[in-house]
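Just so you know, we're using my numbering here: the sequence shown kicks off at 1 and counts up by one.
Don't be surprised by glycine CBs; every beta carbon is placed ideally from N, CA and C.
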Amino acid sequence: MTSAAGSRHPADDPHGLAATPVCADGTPESVWVPWLAARAPWPRLDLDVDRLVVLGAHPDDEVLGAGGIMTAAARAGIEVVVVCMSDGSASHPGSPTLTPDQLAGIRHAELDTATDLLDIDRSRWFGLPDGSLADHHHSMAGIVDAVLDERPQASTALLSVWSGDGHPDHEAVGRCASDVAGRRDLPLWMYPIWMWHWATPDDPAVPWNRMLAHHLDSSALAVKHTAIHAFDTQVRPLSADPADGAVLPPHILAHLIRPWEFVFE
């Protein structure tokens with residue numbers, strides 16, 4: 001994931017001008033847990049396809065938001081194709097420890113390790129500029145079309161980071177997924193990440209009526225935990241310097257290591 005600095009709360013700022021720094025407390029998991037339980041049972045996600053193309057903006061998005069879904073799909077014999085759009089080089093701007101190029105290389109290796117742990121094929125890595133994916137809509141659409149064209153006869157669905165997630169790169173990938181899915185008449189599911197941080201229960205900016213749930217058994221959850229912690233540059237500080245702080249501190253990770261994953265249809 002890239003830092004939430006530069007992300008926004010869609011309800012307060014639909015044009016994306018306000019910033020929501022990662023250091024903000026956000027909505028604690030202790031608030032989400034009883035609310036989600038009270039709304040249960042949530043409609044279940046049905047992975048009734050031959051091929052699942054998973055789109056992430058940064059190296060770790062897909063594991064954080066949908067690691068359990070990807071594992072379940074692969075175990076069911078569904079081909080899982082993971083597409084990472086950006087190089088992840090902007091997660092620590094101003095770092096005195098790693099240059100952006102060094103960070104990109106490390107994050108690529110971390111993603112390979114995480115997908116190996118999840119027992120799915122390694123990600124297709126496209127290395128577009130982290131932080132400016134909105135400027136590369138046509139390139140991203142071409143990437144997704146090329147992946148889909150590999151098996152045009154297969155029953156395929158797209159699984160993308162959510163277009164309303166509050167991070168400009170996440171939203172750019174989500175818009176791209178929406179455009180491609182609409183043009184090609186494909187099922188599309190979207191997983192939120194930053195939403196759990198800025199939103200509140202019953203938040204009118206969130207389409208709760210379109211939410212589906214996927215349950216992770218204890219084995220799948222343990223594997224997901226291990227895969228998330230393969231992203232060492234994101235879950236631990238690079239150094240004691242403030243610019244090297246963890247992008248995914250415990251209060252953020254708490255939303256992403258539940259025994260449930262949620263997507264919007």
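HIS255: buried (16+ other C-beta within 10 angstroms of its C-beta) or exposed?
-> For the purposes of this step, residue 255 is taken as the residue at position 255 of the sequence shown. Per the 10 Å Cβ criterion, buried.
Cβ of VAL180 within 8 angstroms of Cβ of ALA154?
-> Here residue 180 is taken as the residue at index 180 of the sequence shown, counted from 1. Here residue 154 is taken as the residue at index 154 of the sequence shown, counted from 1. Pairing VAL180 with ALA154 gives a Cβ-Cβ distance that is not under 8 angstroms.
Looking at the unbroken alpha helix (DSSP H) that takes in GLU29, where does it start and where does it end?
-> As a working note, residue 29 is residue 29 in the sequence shown. Residue range 29-39 is occupied by the alpha helix (DSSP H) that includes GLU29.
Given 8 angstroms as the limit, is there contact between the segment 203-222 and the segment 84-103, that is, 3 or more CB pairs closer than that?
-> Output reads no: the segment 84-103 does not touch the segment 203-222.
On the three-state DSSP scale, how would you describe ARG124?
-> On the sequence shown, residue 124 is found 124 positions in, with the first residue counted as 1. ARG124: strand per DSSP, three-state reduction.
Using the C-alpha atoms, what's the distance from ASP50 back to THR97?
-> For the purposes of this step, residue 97 is taken as residue 97 along the sequence shown, with counting starting at 1. For the purposes of this step, residue 50 is taken as residue 50 along the sequence shown, with counting starting at 1. Near 43 angstroms, if we compare the C-alpha coordinates of ASP50 and THR97.
Counting pairs of Cβ atoms below 8 angstroms between the segment 220-233 and the segment 199-209, do you hit three or more?
-> No, the segment 220-233 is not in contact with the segment 199-209.
Do the segment 98-106 and the segment 67-79 touch if we need at least three Cβ pairs shorter than 8 angstroms?
-> Between the segment 98-106 and the segment 67-79, the count of Cβ pairs shorter than 8 angstroms is below three; the stretches do not touch.
With DSSP run on the structure shown, which of helix, strand or coil describes HIS138?
-> For the purposes of this step, residue 138 is taken as residue 138 along the sequence shown, with counting starting at 1. Helix, per DSSP.
Beta strand (DSSP E) segments (min. 3 residues) lying fully within the segment 155-223 | Every beta strand (DSSP E) of 3 residues or more that sits fully in the segment 155-223 is shown, in chain order, as 156-161, 188-191 and 211-215.
CA-CA distance, ALA243 and HIS170?
-> Taking the first residue of the sequence shown as position 1, residue 243 is located at position 243. Taking the first residue of the sequence shown as position 1, residue 170 is located at position 170. Distance between the alpha carbons of ALA243 and HIS170 is about 22 angstroms.
So, helix, strand or coil for GLU79, using DSSP?
-> On the sequence shown, residue 79 is found 79 positions in, with the first residue counted as 1. DSSP, reduced to helix, strand and coil, places GLU79 within a strand of the structure shown.
Are there 16 or more other CB atoms within 10 angstroms of the CB of ARG183, so buried, or fewer, so exposed?
-> Start at 1 with the first residue of the sequence shown, and residue 183 comes out as number 183. Residue burial is scored here from C-beta neighbours: ARG183 has fewer than 16 other C-beta atoms within 10 angstroms and is therefore classed as exposed.
In the DSSP assignment, find the beta strand (DSSP E) that holds VAL263 and state where it starts and stops.
-> Residue numbering aside, residue 263 sits at position 263 when the sequence shown is read from its first letter. In the DSSP assignment, VAL263 falls within the beta strand (DSSP E) that extends over 260-264.
Reference SER89; option with closest CA among VAL247, TRP189, TRP208 and TRP162 = Against the sequence shown, residue 89 aligns to sequence position 89. If we check each option's Cα against that of SER89, VAL247 comes out closest.
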